[in-house]
Amino acid sequence: MTAPSVPQTTYVLTLSCPNRPGIVAAISGRLAELNANITEAQQFDDRDSTIFFMRIVFEITDGRTSMQQLRDALAVLGEAFSMDWALHDRSVKPKVLLMVSRFDHCLVDLLYRWRIGELPIEPVGIVSNHPREVFADLDFYGIPFHHLPVTKDTKPKQEAHILELFAASGAELVILARYMQVLSNDMAASLSGRCINIHHSFLPGFKGARPYHQAFARGVKLIGATAHYVTRDLDEGPIIEQDVERISHADTPDDLIRKGRDIERRVLARAVRYHIERRTIINGNRTVVFTP
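Residues in the sequence shown are numbered from 414 upward in steps of one, following the working numbering.
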């Protein structure tokens, strides 16, 4: 007779703290005491800030150690080493709130990756400043849709509504999937470290209307996109991911727009994946990204 198998739980531990000898030994030793099997470990010592960063994936296979026991043990280490740390159960899909304006290519891409199981998230709402009719040809698979129009006068009330939806839904991340309204400083601060934006990124940078046409007029040789955390400084938050594509003299503005949309889709998807897999740790104005 075969003995019943014990459920296996996989956790991700991320941390940062002032660097000093013994950090890795203390963590790995404590995890061993808790019957944990480490399957991945990445670390980085920032010599400029003297801050140590680490991401550890480990399994509990014998069922004898609970999440609370892990948290209690890690809290002791956290205090001893002055750590900022977080522990996540890998089986729990992060809840996300998606925001979009008229251009829906990034939204469609994220929903597709979620639907086929490539992106392990739980979308809990879609917010747009445009009505549902704009997206009439899209299937939102039962995800609640919220039309929240905004003007200069109604912006505070509209943003307060968004923050209410964020809290009520239990979301831990807002994804600006080409949401073309500038967030207020207060809202950006409220979502600090919990909001990812995607925007075009050129060398040189082109701000304002019709950026691809501006790039065409300047004869750029590269176009790109940047995914970053949202901060009070517009489009200047810590960068998570970037990509570029070469452009030739034969490319038209429509070619640049087409290629730019492709870059935006893949850069945003990678940034969201890095965040939900707990691969990103904010380091001042930068990020540490433990890529696979």
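Beta carbons are placed, not taken as given, at the ideal position from N, Cα and C, and that holds for glycine.
Restricting to Cα atoms, I'd like to know which of the options is closest to residue i.
i	options	result
M496	L426, T700 and E577	L426
F494	L444, A439 and S614	A439
C608	H641, V633, I464 and A630	H641
N610	I636, Y625 and V643	V643
K508	H559, L523, V587 and H518	V587
H612	I529, Y554, T665 and C519	C519
I492	P431, D475 and L447	In the sequence under discussion, the amino acid at residue 492 is Glu, which differs from the Ile named in the question. Closest by alpha carbon: P431.
E446	H560, A486 and L551	A486
D458	T478, V437 and L589	V437
E585	T422, P666 and L511	L511
G442	T478, L490 and R484	L490
E649	P666, T478, R671 and K620	K620
Who pairs with residue i in a beta bridge, going by DSSP?
i	result
Q655	T639
A449	I473
W498	L428
L586	V509
N696	R699
D458	F465
E535	K508
H612	T639
F558	I539
T423	E472
If I'm right that residue i touches residue j with Cβ under 8 Å, what's the distance once you round it to whole angstroms?
i	j	result
I539	V513	7 Å
D502	Y424	6 Å
G637	S614	5 Å
V702	R692	6 Å
F516	R591	5 Å
P651	N598	Not really, about 17 Å apart at Cβ, beyond 8 Å.
I534	K565	About 33 Å; that fails the 8 Å criterion.
At the level of alpha carbons, what is the spacing between residue i and residue j?
i	j	result
I689	L669	30 Å
L532	E658	24 Å
L444	N450	8 Å
D522	A684	13 Å
Y525	P434	45 Å
S605	A549	32 Å
L428	W498	4 Å
T567	V547	21 Å
Q482	I473	12 Å
R460	D664	43 Å
G476	N696	35 Å
I653	T700	6 Å
G555	L681	23 Å
E577	G673	33 Å
N542	K570	13 Å
T422	N448	12 Å
D646	L596	10 Å
F465	Q455	11 Å
V470	E453	5 Å
L551	P557	13 Å
G583	K634	43 Å
A488	L500	10 Å
S603	Q594	16 Å
D656	D675	10 Å
A581	R484	26 Å
H560	T478	45 Å
P666	T639	20 Å
How would you call residue i, buried or exposed, if buried means at least 16 neighbouring beta carbons within 10 angstroms?
i	result
P536	buried
M600	buried
S661	exposed
A630	exposed
M467	buried
G530	exposed
A628	buried
I694	buried
A573	exposed
R528	exposed
R678	buried
L589	buried
T463	exposed
T704	exposed
L616	Low per-residue confidence applies at L616: pLDDT is 43, beneath 50, and the placement is therefore not dependable enough to give any value.
Quick check on residue i - is its C-beta less than 8 Å from some C-beta in chain D?
i	result
T423	As a matter of chain content, chain D is missing from the structure shown, which is built from one protein chain.
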